[in-house]
Amino acid sequence: MKPIIWWLRQDLRLADNPALSAAVDAGAPVVPLYIYDDAHMGAASKWWLHHSLKNLDVPVVTRAGDALEVLQDVIKETGAAGVYWNRVYEPGAIARDTNVKKTLKDAGIDAQSFKGNVLIEPMDIKQYKVFTPYYKAVLNIESAIGAPLKTPKATWHKAKSEDLSLLPTIKWDTAFYDHWTPGEHGAHERAQYFIHDLMRHYKTGRDVPSIDATSRLSAHLHFGEISTRNLWHMAAPHTGHEPFQRELAWREFSIQLLFHNPKLATIPIQEKFNDFPWVKDKKHLDAWQRGMTGFPIVDAGMRQLWQTGWMHNRVRMIVGSFLVKHLLQPWVDGEKWFWDTLVDADLANNAASWQWIAGCGADAAPYFRVFNPILQGEKFDPQGKYVRQFVPELAHVPDKYIHKPWESGLKLNYPAPVVDHAAGRQRALEAFAKMKNNKA
Ligand SMILES: Cc1cc2nc3c(=O)[nH]c(=O)nc-3n(C[C@H](O)[C@H](O)[C@H](O)COP(=O)(O)OP(=O)(O)OC[C@H]3O[C@@H](n4cnc5c(N)ncnc54)[C@H](O)[C@@H]3O)c2cc1C
């Protein structure tokens, strides 16, 4: 029987993989093919992808280049009769896949795509701009999520592989190895640990960055090493599942926002923000990227990101707000830095979250609400455990001053604040008023 190509994309797993299961059900040997065609993938994501592919229990055929051309080559080389894949919902990918499907079908190839990466596909639910009604609608059609599929017993068909050279040439990723186990096994291990040991405290612990209280599954989910559907069902019988499932739905909400707003990554949803008076300042952007702003919670977050490829959600909100409000830097500059440095960099989640932070998104926090980095630090990291971990220069500062070390009177090898909080806040509010007046 002629083989079928299983085109892996954001579904680097064998369990609950509808495209793979369909290929196996057809009785055909399977060519597991990954095509690296994303010139814009961030450095941290490439690191993850390298290990995820390597750790999959399948001899994945890897190739680089234009997806359609590679598929046509592999069809020729293997005599494959079909190409099956799970759908993704990013605008570039939709355009690519539509063209691939049509061209292959016209050539008599059995080209099929499946729902494999989401709970509910964006085209199967009405468009929502606000999360809460969206989530209610998801719960109303929960049965449409369906049951996860078992790992099928496939017969693999070999083909020539290319080295994708995804690892960095300059070594900056050493610490990543202590924090992450990319791949399907790593995803399931972490999911089991989270659900059985941590999830019951998720609701109360998820805002405290010094403790291991969240799932840390975001990169595993982005690369599809575990399906959202599987995770949804795995969590369901256990205490604490509701707030966790709600976050999985936030992920879906971002996906549907991107689906309906293809320019989400670059253009504000609220048009009035097109003329926002940002003040581009390389020195400020640099200080933020390097974790040298003089605000301990901001610097701890930015250093956590650089060292581990991940940052706690509460701190993502604080550093994001600080960049766009206190420093008046364009939100797309923050989005780009996250894109390159996060192991979980995700077009939909990153763009939707940055728009939310900047106040220009669909369901955004109002622009005039400016996070106070000192109070946020005192509230969510009262003894400065998180700060001390990532900003060792402040290890011996008393708790009382840990979030405002400039008041401690100590001689520290740590920068003075790049802006005064009150002045920064005032400048942000004035910029917002100016934008509103321009529109009036
Ligand atoms: C400025 C900013 C940028 C962000 N960029 C990304 C990104 O590129 N990729 C990404 O996956 N998440 C992003 N997030 C959302 C969120 O911070 C991460 O998903 C979360 O911190 C990942 O940690 P976790 O897996 O432990 O999350 P958990 O709290 O365990 O949540 C479980 C899963 O739900 C999803 N999720 C959680 N919070 C959100 C949220 N606010 N929006 C959408 N989905 C969510 C994630 O898939 C996550 O893995 C961003 C948030 C902010 C404020």
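The numbering used here puts the first residue of the sequence shown at 1096, with every later residue one more than the last.
Even glycine gets a Cβ: it sits at the ideal position worked out from N, Cα and C.
Residue j beta carbon less than 9 Å from that of residue i
{"i": "Cys1455", "j": "Pro1357", "result": "no"}
{"i": "Trp1451", "j": "Leu1422", "result": "no"}
{"i": "Arg1108", "j": "Ala1188", "result": "no"}
{"i": "Ser1418", "j": "Trp1405", "result": "Per the sequence shown, residue 1418 should be read as Leu rather than Ser. Going by C-beta atoms, Leu1418 is not nearer than 9 Å to Trp1405."}
{"i": "Ala1121", "j": "Ile1099", "result": "yes"}
{"i": "Phe1390", "j": "Tyr1462", "result": "no"}
{"i": "Ala1344", "j": "Phe1209", "result": "no"}
{"i": "Val1486", "j": "Ala1523", "result": "no"}
{"i": "Asp1046", "j": "Ala1114", "result": "With the chain running from 1096 to 1535 in the structure shown, residue 1046 is simply not present."}
{"i": "Ile1392", "j": "Tyr1272", "result": "no"}
{"i": "Ile1306", "j": "Leu1312", "result": "no"}
{"i": "Gly1519", "j": "Lys1420", "result": "yes"}
{"i": "Asp1111", "j": "Pro1277", "result": "no"}
{"i": "Ala1443", "j": "Gly1137", "result": "no"}
{"i": "Lys1097", "j": "Gly1203", "result": "no"}
{"i": "Pro1247", "j": "Val1410", "result": "no"}
{"i": "Arg1285", "j": "His1315", "result": "yes"}
{"i": "Val1438", "j": "Ser1140", "result": "yes"}
{"i": "Ala1254", "j": "Val1153", "result": "no"}
{"i": "Met1530", "j": "Asp1370", "result": "yes"}
{"i": "Val1125", "j": "Thr1250", "result": "yes"}
Unbroken beta strand (DSSP E) run spanning residue i, endpoints
{"i": "Tyr1272", "result": "That residue, Tyr1272, is in no beta strand (DSSP E); its alpha helix (DSSP H) goes 1271-1274."}
{"i": "Gln1207", "result": "1205-1209"}
{"i": "Leu1470", "result": "Careful: Leu1470 lies outside any beta strand (DSSP E), inside the alpha helix (DSSP H) at 1468-1475."}
{"i": "Pro1127", "result": "1125-1131"}
Extent of the continuous alpha helix (DSSP H) run through residue i
{"i": "Arg1385", "result": "1377-1385"}
{"i": "Asn1181", "result": "It is not in any alpha helix (DSSP H) - Asn1181 instead sits in the beta strand (DSSP E) that spans 1177-1181."}
{"i": "Asn1194", "result": "1186-1201"}
{"i": "Asp1394", "result": "1391-1403"}
{"i": "Thr1388", "result": "Where Thr1388 is concerned, there is no enclosing alpha helix (DSSP H), given that its DSSP letter is neither H nor E."}
{"i": "Glu1337", "result": "1336-1355"}
{"i": "Met1412", "result": "1408-1416"}
{"i": "Met1329", "result": "1323-1330"}
{"i": "Tyr1297", "result": "1297-1300"}
Contact test: residue i Cβ vs ligand 2 heavy atom, cutoff 8 Å
{"i": "Ala1232", "result": "By its list of ligands, the structure shown excludes ligand 2, since it contains just ligand 1."}
Cutoff 9 Å: residue i Cβ touching any chain D Cβ
{"i": "Asn1445", "result": "Of the protein chains in this structure there is only one, and it is not chain D."}
Are the stretch 1491-1498 and the stretch 1331-1340 in contact at 8 Å, needing three or more beta carbon pairs? no
Would you say the stretch 1453-1473 touches the stretch 1493-1505, given that touching needs at least three Cβ pairs under 8 Å? yes
Is there contact between the stretch 1123-1137 and the stretch 1284-1304, where contact requires at least three CB pairs shorter than 8 Å? Counting Cβ pairs under 8 Å, fewer than three are found: no touch.
When you get a sec, list the residues whose CB is within less than 6 Å of any heavy atom of ligand 1, chain order please. Arg1301, Thr1309, Ser1310, Arg1311, Leu1312, Ser1313, Leu1316, His1317, Glu1342, Leu1343, Trp1345, Arg1346, Ser1349, Asn1408, Arg1411, Met1412, Gly1415, Phe1433, Leu1437, Asp1439, Ala1440, Asp1441, Asn1444, Asn1445, Ser1448, Trp1449, Ile1452
Mind listing, in chain order, the continuous beta strand (DSSP E) runs of no fewer than 3 residues lying wholly within the stretch 1232-1287? none
Contact between the stretch 1222-1235 and the stretch 1131-1146 is defined here as three or more beta-carbon pairs at a separation below 8 Å; is this criterion met? no
Are at least three pairs of beta-carbons, each pair with one atom in the stretch 1366-1381 and one in the stretch 1324-1333, less than 8 Å apart? no
Spell out a yes or no on whether the stretch 1381-1396 and the stretch 1216-1227 are touching, meaning 3 or more CB-CB pairs, one atom from each, closer than 8 Å. no
Just checking, does the stretch 1339-1356 make contact with the stretch 1175-1187 on the three C-beta pairs under 8 Å criterion? yes
Considering only residues of the stretch 1098-1164, which uninterrupted alpha helix (DSSP H) runs meet the minimum length of 4 residues and lie entirely inside it, listed in chain order? 1113-1120, 1138-1149
Per the contact definition of three or more C-beta pairs closer than 8 Å, is the stretch 1169-1181 in contact with the stretch 1263-1282? no
Taking the runs of the alpha helix (DSSP H) that are 4 residues or longer, which of them lie wholly in the stretch 1414-1443? DSSP runs (the alpha helix (DSSP H)) wholly in the stretch 1414-1443: 1426-1436.
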